[in-house]
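Going line by line, the protein sequences match chains C and E. At position 44 of the first sequence (counting the first as 1) the number is 44 in this note's numbering, and the numbers step up by one without a gap. The number in this note's numbering is simply the position in the second sequence, starting from 1, with 1000 added. Note that the Cβ used here is the ideal one computed from N, Cα and C, for glycine as well.
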Amino acid sequence: MAIKPRIKLDKKEAKKGDLVEVKALVAHIMESGQRKDAKGETIPRKILNKFTCTVNGKEVFAADFEPAVAANPYIQFKFKAEESGAVVLTWTDDDGSTIVGEEAITVT
Amino acid sequence: MCLAARERFGKEIEDMRFNRRQAMAIGIGGLAGASLLGVSGPALADKKEADEAIAKFTGGKTPIMGKVKLELPEIAENGNTVPIAITVESPMTAASHVTEVLVLADGNPRPGVASFRFSPASGVAEASTRIRLAATQNIVAIAKMNDGSVFMDSKQVKVTIGGCGG
């Protein structure tokens, strides 16, 4: 199932050196591995454990998540606009699969 | 198990132990005493685990209070989703910038919450997300600079309903 993340940049066009704010929300259960089902068996952990943001392939921000990050993880951060290109956000699941979202930024 | 639930459970055992002591042999009372220790054990382990995680992150250095600003609500009605924002004062140049920020919650079943990695390309060391908190506890954010110095901030959050979905 392809999950589509919701990504919002506070500006699509920025001047070189400007700070661009990124807000992103992705639908994911973030199962903590602490809960038990009706039979009393532990529900196995399944979370997005890694997040990266790259602009034209260059990493500008990254994060590691633990089970203490809430379901449907929200992340907000900023980066410095250097060049026009693709802002790519990648979340990595415990099972190795990834969720990828992309936005374009124009730097003048 | 929630910390709150654990505390409740602990109290019940204490009551039980008291009753048993009156009715039964001391040997059984002692056994209940041992299980009481077993119940309070994990909570202590969390604190120790948190300290270990801090020591591992800082490389043994003691973090200095300051530079880091942790924004959290004073009271979280729902521990399942608590907004958290971190700001670290830094020029974020190649010569002086924040490399990593570690967030820990010492009252959760596991203390680790998240870590954020910054670089001069970030422009500013700022991030926010939403986290789960099992009970009223202290949240700690520790920032590591590129020169190896460490700074921290800590804040207590009162949690009305724990967010471990027990």
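Requested in this report: Please report the Cβ distance between C/Glu31 and C/Arg45, rounded to the nearest whole angstrom; I am assuming they are in contact, meaning their Cβ atoms lie under 8 Å.
Outcome: 6 Å
Query raised in the report: From E/Ala1174 to E/Ile1084, what does the alpha carbon distance come to, in whole angstroms?
Result: There is simply no residue 1174 of chain E to check, as chain E begins at 1001 and stops at 1166 in what is shown.
Query raised in the report: Residues in its own chain within less than 6 Å of E/Ala986 by CB, not counting five upstream and five downstream?
Result: It is not possible to answer for residue 986 of chain E, since the shown part of chain E is limited to 1001 through 1166.
Report task. Have a look at E/Ala1135, E/Asn1078, E/Leu1072 and E/Lys1047 and flag the residue whose alpha-carbon is nearest the alpha-carbon of E/Thr1087. Result -> E/Leu1072
**Report entry** Identity of the residue in E/Ala1143, E/Glu1100, E/Ser1119 and E/Asp1153 nearest E/Thr1093 by Cα
**Finding:** E/Ser1119
**Report entry** Amino acids of chain C, ordered along the chain, whose beta-carbon sits closer than 7 Å to that of E/Ile1131
**Finding:** Ala68, Val69 and Ala70
Query raised in the report: Candidates E/Met1065, E/Glu1049 and E/Ala1050: which alpha carbon is nearest E/Val1150's?
Result: E/Met1065
Query raised in the report: For E/Thr1058, which of helix, strand or coil comes out of DSSP?
Result: helix
Requested in this report: Have a look at C/Ala14, C/Ile47 and C/Lys23 and flag the residue whose alpha-carbon is nearest the alpha-carbon of C/Gly96.
Outcome: C/Ile47
Report task. Compare the beta carbon distance of C/Val87 and C/Ile105 with 8 Å and say whether it is the shorter of the two. Result -> yes
Query raised in the report: By the criterion of Cβ-Cβ separation under 9 Å, what are the contact partners of C/Glu59 in chain E?
Result: Arg1117, Ser1119 and Ala1121
Query - For E/Ile1131, the residue or residues it bridges with in DSSP - result: C/Val69 and E/Val1082
Query raised in the report: Straight-line CA distance for E/Ala1068 to E/Asp1153?
Result: Per the sequence presented here, residue 1068 of chain E reads as Val, with Ala not at that position. C-alpha separation (whole angstroms): 6 Å.
Report task. Establish whether the CB of E/Val1157 and some CB of chain C are separated by less than 8 Å. Result -> no
Report task. Please work out which residues of its chain come closer than 6 Å, Cβ to Cβ, to C/Val100, disregarding the five sequence neighbours upstream and downstream, and give them in chain order. Result -> Thr90
Query raised in the report: Apart from the five residues just before and just after C/Lys8, which ones in its own chain have a Cβ nearer than 7 Å to its Cβ?
Result: Lys23
Report task. Going by CA-CA distance only, name the one from E/Val1101, E/Glu1049, E/Leu1070 and E/Thr1081 that's closest to E/Gly1148. Result -> E/Val1101
Query raised in the report: Counting only beta-carbon atoms, is E/Gly1112 nearer than 8 Å to chain C?
Result: yes
Requested in this report: Tell me whether the beta-carbon of E/Val1098 lies closer than 8 Å to the beta-carbon of E/Ala1141.
Outcome: no
Query raised in the report: Residue ranges of each alpha helix (DSSP H) run of no fewer than 4 residues wholly in the region 1070–1118 of chain E, ordered along the chain?
Result: none
Query - Proximity test, Cβ basis, 8 Å: E/Glu1126 and chain C - result: yes
Requested in this report: Pull up the distance between the alpha-carbon of E/Glu1060 and that of E/Gly1112, whole angstroms please.
Outcome: Going by the sequence as given, residue 1060 of chain E is Gly instead of Glu. Looking at the two C-alpha atoms, the distance is approximately 18 Å.
Query raised in the report: Straight-line CA distance for E/Ala1127 to E/Phe1116?
Result: 8 Å
Query raised in the report: E/Thr1167: buried (16+ other C-beta within 10 angstroms of its C-beta) or exposed?
Result: With chain E covering 1001 to 1166 only, the question about residue 1167 of chain E has no answer from this structure.
Query raised in the report: Can you list, in chain order, the residues of the region 1076–1087 of chain E whose Cβ is nearer than 7 Å to any Cβ on chain C?
Result: Asn1080 and Thr1081
Requested in this report: Return the CA-CA distance between C/Val20 and C/Cys53, expressed in angstroms with no decimal places.
Outcome: 12 Å
Query raised in the report: Less than 7 Å between the CB of C/Leu25 and some heavy atom of the ligand MG, yes or no?
Result: The ligand MG is not part of the structure shown, which contains no ligands of any sort.
Report task. Would you please verify whether the beta carbon of C/Asp37 is less than 8 Å from any beta carbon of chain E? Result -> no
Query - CB contact check: C/Pro5 to chain E, cutoff 8 Å - result: no
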